[in-house]
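Just below is one structure, and these are the notes that go with it.
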Amino acid sequence: MKTILASQTMDIPKDVTVEIKAKQIRVKGPRGTLTRNFKHLNLDFQIVEDRTKLKVDAWFGSRKTMAAIRTAISHVQNLISGVTRGYRYKMRFVYAHFPINASISSEKDNIEIRNFLGEKRVRKVDMLQGVTVTRSEKVKDELIVEGNDIELVSRSCALINQKCHVKKKDIRKFLDGIYVSEKGTIATDE
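Using the numbering used here, you'd call the opening residue of the sequence shown number 395 and step up by one each time.
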C-alpha cells in the first residue's frame, strides 16, 4: 500500500545555512562547508518557515521510501553536526608482544605503521580529504582522527584498522591491531 504524502521536518540551527539545489544539499557552518547528494532518493527537500526548518516529503511512497525520509534527515543532521562541532574518533594500539610504532607525516594526512606483529613491512595509510590524524599527548598508544564529515572520519579509521589485520594466525589468540576506542565530537571535548 502506498501512502499519499509522508513528511518530516527538522530544525536548522541559527549559525548554520542550508542550501538545496536539485537534491544536492550544501550545509555551511562555523567549521566549513559540507555537501551531500540525495539524487538517488525519491524525496522532495524544501526549506520552510523563514529558513529555520528543513522539510522532507515522499509522495506516493512505499515502505522503503518512508524509511528513507528519516535516513535523509539523519544524514543532514550529521552534516550540521560536522560543520558546527566536528567529529573526533580515538583509536588505540593493541599488542601482546611487539609494540606497534606509528609515524605521522608533518601534514597529518597519512600514517605509517611499523613493527606490527614484528613484521618488517611498513603499512602506509593515507587519510581521506579533510581528515587529520595525530598522536594523543595524554594517553600512550592512542591516535586521534578528526574531521568535519562523519563518513570520511569513520572511513579513515576503518582504513587504519583494516591495514592491521592478522593473517594466517588464530585471530582469537592474536588480538593485535589498531581499534576504535571512542567516537565523539570535537567541540564537547574542549
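Positions of the beta carbon are idealized from the N, C-alpha and C atoms, including for glycine. Quantities reported herein were computed from a predicted structural model and do not represent experimental measurements.
- Contact annotation: M521 and D503 have beta-carbon atoms nearer than 7 Å.
- By a beta-carbon distance limit of 8 Å, Y483 contacts V547. Their separation comes to about 6 Å.
- Residue nearest to V412 within the set D405, V421, M404 is V421 (criterion: CA-CA distance).
- The secondary-structure analysis by DSSP pairs D451 across a beta bridge with S401, D438.
- Our two residues, V477 and N555, have alpha carbons roughly 26 Å apart in a direct line.
- A direct Cα-to-Cα measurement between I463 and L473 gives close to 16 Å.
- Counting only residues of its own chain and dropping the five nearest sequence neighbours on each side, H434 has no CB closer than 8 Å to any other CB.
- Restricting attention to alpha helix (DSSP H) runs no shorter than 4 residues, the stretch 480 to 563 encloses them at 544 to 557, ordered along the chain.
- Apart from sequence neighbours up to five positions away, the residues of its chain that approach C551 with a beta-carbon distance below 8 Å are Y483, M485, V539, V574, ordered along the chain.
- Nearest Cα to V516 within the set A496, N431, D409, F432: A496.
- Closest by C-alpha distance to V410, out of V442, I544, V560, T446, is T446.
- Leaving aside the five residues that flank A490 on each side, the residues in its chain whose CB is nearer than 8 Å to its CB run, in chain order, F568, L569, D570.
- Taking a contact as a CB-CB distance under 8 Å, the pair V527 and I505 counts as one, their CB atoms being some 5 Å apart.
- Within the model, the alpha-carbon separation for V519 versus L553 is close to 7 Å.
- Assignment of R464 by DSSP, reduced to helix, strand and coil, places it in the helix class.
- In the three-state reduction of the DSSP assignment, I580 falls in the helix class, which pools H, G and I.
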